[in-house]
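Q: Residue numbers (the UniProt record's numbering), protein chains in the order written: chain A, 1 to 297; chain B, 1 to 90; chain C, 1 to 294.
Beta carbons: idealized from backbone N, C-alpha and C, even for Gly.
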Amino acid sequence: MTSSVPTTPESVRQQAAEAAALRRKRARNVTTRWRRRTLLGLYLVFVILPIYWLLNLSFQTNSEILGSFSFWPQNFTVANYARIFTDANWYMGYVNSLAYVLMNMLISISVALPAAYAFSRFRFIGDKHLFFWLLTNLMAPPAVFLLPYFQLYYSVGLFDTHIAVALAHCLFNIPLAIWILEGFMSSVPKEVDETAYIDGYSFPRFFVTIFLPMIRSGIGVTLFFLFMFSWVELLLSRTLTATNAQPIASIMTRTSTASGIDWGTLAAAGVLTIIPGIVVVYFVRNHIAKGFALGRT
Amino acid sequence: MEWMVWTLPTAVFFSVIAAILLGMTTWELVSPSVERRGFLPIATTRGDRLFIGLLSAAYIHLAVVGFTDISIWFALGASVLWLLVLMRWG
Amino acid sequence: MNKVYNNRAWFLILPMLLLVAFSAIIPLMTVVNYSVQDVFDANTRFFTGTEWFEVMLNDPALQAALLRQFAFSFTILAIEVPLGIGIALLMPKRGWQASAVLILITLPLLIPWNVVGSIWQLFTRGDIGLMGVGIRELGYAYNITRNPADAWATIILMDVWHWTPLIALLCYSGLRSIPDAYYQAARIDRASKWAVFRYIQLPKLTNVLVIGVLLRFMHSFMIYAEPFVLTGGGPGSSTTFLSQSLTTMAIGQQDLGPSAAFSLIYFLIILLVCWVFYTAIMNSQKDNTTQGGA
């Protein structure tokens with residue numbers, strides 16, 4: 001930049017040129033900003049449109065869905081939702097799903113916290129290989145474990161219980177929790193631990209009263225991911241349950257009957273599966289960006 | 001345990017794996033391994049080389065079983081040899 | 001961070017280890033046991049040796065599924081990674097708009113996988129779906145149950161819809177961690193937009209991108225519920241991926257031996273890819289720390 005007070009005609013001209021350039025740049029900034037908004041808007045429309053269509057169909061009767069094509073419900077009806085909320089077979093699906101998801105979150109986080117602490121603070125024999133082995137479990141396709149799980153839970157008498165699905169989901173949720181928590185814990189300086197030990201804290205007391213509050217946003221994000229991956233999983237939860245603990249995902253297959261598919265109910269059930277996700281994401285919206293980098297930025 | 005349908009060959013297989021892991025742990029306790037660089041393009045510890053060896057052994061077996069008529073014992077021999085080379089010079 | 005060498009850390013690991021061993025090691029051992037036998041029930045079974053592996057490795061249907069799987073995984077990576085970076089660069093950084101966009105973009109990730117399939121089934125059907133009807137109105141006979149190309153395009157579009165948010169959010173969090181001072185320095189140097197992206201933003205993104213690519217590759221490699229609901233693997237077997245072949249074999253036909261052998265081959269492929277990625281991540285981090293220390 002040049003000095004602020006022009007002294008020669010040369011510098012006056014130069015400053016004028018700079019001012020003009022700045023004006024042009026501002027104008028260009030406005031257009032780029034609009035271009036950015038339009039592009040982002042287009043993407044958001046792409047994200048929303050299929051969900052909107054689901055919502056649209058869920059408020060229509062089957063005859064309207066099949067009979068006429070319209071962009072919004074002509075005869076607005078909540079009959080599809082009423083059917084789900086009055087039929088115990090239907091709404092128990094949601095209860096079952098939520099039950100095993102919550103159990104899984106509880107189990108996973110309580111064993112993952114100490115393990116992640118160990119990985120973030122200590123070196124020990126086989127630590128690298130153990131960590132890698134955990135990651136392979138995260139990557140293992142559930143289809144591979146399908147048959148033995150069926151046999152395993154059948155032989156220990158846990159088949160068709162919530163805890164069976166919760167334990168099965170531990171396969172990928174515990175490694176995930178450890179991976180995320182390890183990142184958050186490593187960003188807490190080690191001096192914190194050392195000071196606490198010098199002050200006479202025992203390890204459990206330090207861990208619960210000092211350390212956990214320091215990484216609470218990390219724990220929140222971890223719980224969000226645990227919820228997400230347990231909630232969306234279909235294959236294992238469907239295979240390990242029959243009637244008592246059947247998740248909503250496999251109940252939804254009931255909408256296809258011999259007389260065709262009950263589109264309206266299918267759409268309404270789909271809408272209802274999205275709602276818990278929205279609630280959860282609303283609670284962690286301020287931490288989600290950091291959490292997605294698994295605490296590693 | 002009945003549902004796990006154990007047979008002798010797989011029992012032997014897992015015992016050998018368990019024995020190797022135990023042996024490696026003891027070795028590590030007695031003399032901790034130092035990362036070094038051999039003919040592999042990355043620096044490795046003993047444990048890493050063991051893992052690479054076992055994984056490539058699995059692929060050797062698959063290739064021999066799936067696409068050739070050579071006996072599986074030949075694959076086993078080749079794998080053991082490769083594992084030893086890897087552990088020593090890898 | 002300097003870690004203390006202490007083998008008592010194993011006690012902190014132990015509960016986790018027992019739980020994961022219960023749900024990972026015991027089943028894996030069982031799969032190995034199945035794979036060398038012809039099992040009718042626990043008492044009626046015959047030792048078959050390596051026969052199942054030979055059959056599975058030479059099964060043309062499975063080889064085709066494997067190739068299809070790789071084609072699918074690489075296609076979606078090639079689309080989702082650049083698109084995700086682009087979205088992340090466009091997302092607003094602060095204010096209520098940032099929260100709103102964040103929640104909207106996260107939405108597809110939180111929908112159960114089979115519901116994702118249902119949503120796209122409803123969306124693309126030729127008689128009741130917005131997209132299906134829309135494309136037909138434009139004059140193209142769009143039909144995912146007849147035309148393999150349409151089915152493929154739809155499945156890829158669905159996956160882009162479903163998973164680009166993951167890459168976008170990862171990159172967004174990477175971008176947010178860049179201090180403002182870097183941008184100011186770039187402004188003073190009159191760096192072009194491309195230079196800012198190439199030398200400031202992209203290096204910061206590589207860390208999170210590796211995680212993103214790893215997660216995306218793995219998840220796309222085990223994709224099951226979405227194509228199963230949307231196309232059922234058809235038309236013919238043109239969209240049948242590995243997980244679906246395996247599930248059909250294991251649950252549908254109850255062929256324990258062959259499906260176990262197939263599982264192991266599948267698992268070995270995953271293991272190799274996973275190891276390559278993991279080593280790459282670890283080595284790049286090691287390089288970073290040595291550079292930082294120097």
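Would you kindly work out how many angstroms separate the C-alpha atoms of Ala-168 of chain C and Leu-40 of chain A, rounded to a whole number?
A: On the third sequence, residue 168 of chain C is found 168 positions in, with the first residue counted as 1. On the first sequence, residue 40 of chain A is found 40 positions in, with the first residue counted as 1. Distance between the alpha carbons of Ala-168 of chain C and Leu-40 of chain A is about 12 Å.
Q: Under a Cβ-count criterion, where at least 16 other Cβ atoms within 10 Å of its own Cβ denotes burial, should Leu-267 of chain A be classed as buried or exposed?
A: Here residue 267 of chain A refers to the residue found at position 267 when the first sequence is read from its first residue. Just to set this straight, residue 267 of chain A is Ala in the shown sequence, not Leu. Result: buried.
Q: Could you name the residues of chain A that Trp-3 of chain B contacts, counting a contact when the two beta carbons are closer than 7 Å?
A: Reading the second sequence from its first residue, position 3 is the one you call residue 3 of chain B. Simply Gln-151 and Ser-155.
Q: Exposed or buried, what is Thr-38 of chain A when buried is set at 16 or more other beta-carbons lying within 10 Å of its beta-carbon?
A: Translated into positions along the first sequence, residue 38 of chain A becomes position 38. With fewer than 16 other Cβ atoms within 10 Å, it is exposed.
Q: Relative to the C-alpha of Tyr-149 of chain A, which candidate in A:Leu-134, A:Cys-170, A:Trp-133 and A:Val-45 has its C-alpha closest?
A: Sequence index remark: in the first sequence, residue 149 of chain A carries index 149 (1-based). Comparing Cα positions, the closest option is A:Cys-170.
Q: Which same chain residues, not among the five before or five after Arg-83 of chain A, have their C-beta less than 8 Å away from its C-beta?
A: Along the first sequence, one-based indexing puts residue 83 of chain A at 83. Taken in chain order, the residues that qualify are Trp-90, Thr-265 and Ala-268.
Q: Give a yes or no on whether the minimum CB-CB distance between Leu-55 of chain B and chain A is below 8 Å.
A: Mapped onto the second sequence, residue 55 of chain B falls at position 55. Closer than 8 Å: no.
Q: Can you tell me whether Ala-65 of chain C is buried or exposed? The criterion is at least 16 other CB atoms within 10 Å of its CB, across all chains shown.
A: The count along the third sequence starts at 1 and reaches residue 65 of chain C at position 65. So Ala-65 of chain C counts as buried.
Q: Within a Cβ cutoff of 8 Å, which residues of the same chain sit near Ala-294 of chain C, ignoring the five residues on either side of it in sequence?
A: If you number the third sequence from 1, residue 294 of chain C lands on position 294. Its pLDDT being 32, under 50, Ala-294 of chain C is placed unreliably by the model, and nothing is read from it.
Q: Ignore the nearest five residues each way along the sequence and tell me which others in Met-1 of chain A's own chain have a CB closer than 6 Å to its CB.
A: Indexing the first sequence from 1 puts residue 1 of chain A at position 1. For Met-1 of chain A, the pLDDT reaches just 45, beneath the cut-off of 50, and the residue's location in the model is therefore unreliable, although a value from the coordinates is still provided. Nothing listed; no residue qualifies.
Q: Determine the burial state of Asn-96 of chain A: buried for a count of at least 16 other Cβ atoms within 10 Å of its Cβ, exposed for fewer.
A: As a working mapping, residue 96 of chain A is identified with position 96 in the first sequence. Burial call: buried.
Q: Specify the secondary structure class of Tyr-140 of chain C as computed by DSSP and reduced to three states.
A: Within the third sequence, numbered from 1, the residue matching residue 140 of chain C stands at position 140. In this structure, Tyr-140 of chain C counts as coil in the three-state DSSP scheme.
Q: Counting Cβ pairs closer than 8 Å, one from the stretch 113-125 of chain C and one from the stretch 49-63 of chain A, do we hit at least three?
A: Yes: at least three Cβ pairs fall under 8 Å.
Q: Strictly under 8 Å for the Cβ-Cβ distance: is Thr-48 of chain C near chain B by that measure?
A: Stepping through the third sequence from its first residue, residue 48 of chain C is reached at position 48. No, no contact with chain B.
Q: What is the rounded straight-line gap between the Cα of Leu-42 of chain A and the Cα of Ile-76 of chain C?
A: Translated into positions along the first sequence, residue 42 of chain A becomes position 42. Translated into positions along the third sequence, residue 76 of chain C becomes position 76. Their Cα atoms are separated by approximately 20 Å.
Q: List the DSSP bridge partners of Ser-256 of chain A.
A: Residue mapping note: residue 256 of chain A aligns to position 256 of the first sequence, counting from 1. Looking at the DSSP assignment, Ser-256 of chain A forms a beta bridge with A:Ile-261.
Q: If you drop the 5 nearest sequence neighbours on each side, which residues of the same chain put their C-beta closer than 7 Å to that of Ala-43 of chain B?
A: Along the second sequence, read from residue 1 onward, the residue named residue 43 of chain B stands at position 43. Once the five neighbours on either side are set aside, the close Cβ partners of Ala-43 of chain B are Glu-35, Arg-36 and Arg-37.
Q: Just curious, the beta strand (DSSP E) that Phe-47 of chain C is in, first and last residue?
A: Translated into the one-based positions of the third sequence, residue 47 of chain C becomes position 47. First-last of the beta strand (DSSP E) with Phe-47 of chain C: 45-47.
Q: To the nearest angstrom, report how far apart His-287 of chain A and Met-214 of chain A are at their CA atoms.
A: Translated into positions along the first sequence, residue 287 of chain A becomes position 287. Translated into positions along the first sequence, residue 214 of chain A becomes position 214. If you take the alpha carbons of His-287 of chain A and Met-214 of chain A, they lie about 14 Å apart.
Q: Please go through the stretch 35-112 of chain C and give each complete alpha helix (DSSP H) segment of 4 or more residues, from N-terminal end onward.
A: The qualifying runs are 51-57, 60-90 and 95-106.
Q: My assumption, with CB atoms under 8 Å, is that Leu-12 of chain C sits in contact with Ala-118 of chain A. Please give the rounded CB distance.
A: Locating residue 12 of chain C in the third sequence gives position 12, where the first residue counts as 1. Locating residue 118 of chain A in the first sequence gives position 118, where the first residue counts as 1. Yes, Leu-12 of chain C and Ala-118 of chain A are in contact; Cβ-Cβ is about 4 Å, under 8 Å.
Q: Identify the residues that DSSP records as bridge partners of Tyr-5 of chain C: which are they?
A: To locate residue 5 of chain C, count along the third sequence from 1; it is residue 5. For Tyr-5 of chain C, which the question treats as bridged, DSSP gives the partners A:Arg-123.
Q: Check the Cβ-Cβ distances between Gly-234 of chain C and every residue of chain A, and say whether any is below 8 Å.
A: Along the third sequence, one-based indexing puts residue 234 of chain C at 234. Judged by the 8 Å Cβ criterion, Gly-234 of chain C is not in contact with chain A.
Q: What in chain A is Cβ-close to Glu-28 of chain B, meaning under 9 Å?
A: On the second sequence, position 28 is the one that residue 28 of chain B refers to. Chain A residues near Glu-28 of chain B: Ile-125 and Gly-126.
Q: What's the call for Trp-113 of chain C, buried or exposed, on a 16-neighbour Cβ count within 10 Å?
A: Locating residue 113 of chain C in the third sequence gives position 113, where the first residue counts as 1. Looking at its Cβ environment, which holds 16 or more other Cβ atoms inside 10 Å, Trp-113 of chain C is buried.
Q: First and last residue of the alpha helix (DSSP H) that includes Trp-163 of chain C?
A: In the third sequence, counting from the first residue as 1, residue 163 of chain C sits at position 163. Residues 148-176.
Q: Quick check: the stretch 234-241 of chain A against the stretch 154-171 of chain A, are there 3 or more CB pairs under 8 Å?
A: In short, these stretches touch, since the Cβ pair count reaches three.
Q: According to DSSP, is Arg-36 of chain B part of a helix, a strand, or is it coil?
A: Counting from one through the second sequence, the residue named residue 36 of chain B turns up at place 36. In the structure shown, Arg-36 of chain B sits in a strand (DSSP, three-state: E or B).
Q: Can you list the residues of chain C that Ala-78 of chain B reaches, using a CB-CB cut of under 7 Å?
A: Counting from one through the second sequence, the residue named residue 78 of chain B turns up at place 78. Here the premise fails: no neighbours, minimum Cβ distance about 15 Å.
Q: Using only the alpha-carbon positions, how far apart do residue 303 of chain A and Thr-164 of chain C sit?
A: Here chain A covers residues 1 to 297 and nothing more, so residue 303 of chain A does not appear.
Q: Do Val-229 of chain C and Ser-173 of chain C come within 8 Å of each other at the CB atom, strictly closer than that value?
A: As a first step, residue 173 of chain C is located in the third sequence; it is residue number 173 there, counting from the start. As a first step, residue 229 of chain C is located in the third sequence; it is residue number 229 there, counting from the start. Not in contact: Ser-173 of chain C and Val-229 of chain C (Cβ atoms no closer than 8 Å).
Q: Alpha carbon to alpha carbon, how far is Val-55 of chain C from Val-64 of chain B? Give it in angstroms, no decimals.
A: Start at 1 with the first residue of the second sequence, and residue 64 of chain B comes out as number 64. Start at 1 with the first residue of the third sequence, and residue 55 of chain C comes out as number 55. Straight-line Cα distance between these residues: approximately 13 Å.
Q: Using C-beta distances below 6 Å, list every residue in its chain close to Pro-142 of chain A, excluding the 5 sequence neighbours before and after it, in chain order.
A: Indexing the first sequence from 1 puts residue 142 of chain A at position 142. Only Leu-235 and Leu-236 meet the Cβ criterion.
Q: CA-CA distance, Ile-128 of chain C and Phe-69 of chain A?
A: Here residue 128 of chain C refers to the residue found at position 128 of the third sequence. Here residue 69 of chain A refers to the residue found at position 69 of the first sequence. Straight-line Cα distance between these residues: approximately 7 Å.
Q: Three or more C-beta pairs closer than 8 Å, one from the stretch 130-142 of chain A and one from the stretch 270-285 of chain C: is that the case here?
A: The answer is yes - the stretch 270-285 of chain C touches the stretch 130-142 of chain A, with three or more Cβ pairs under 8 Å.
Q: Report the three-state DSSP secondary structure of Pro-44 of chain B (helix, strand or coil).
A: Your numbering for residue 44 of chain B matches position 44 in the second sequence. It is Thr, not Pro, that sits at residue 44 of chain B in the sequence shown. Correct three-state label for Thr-44 of chain B: strand.
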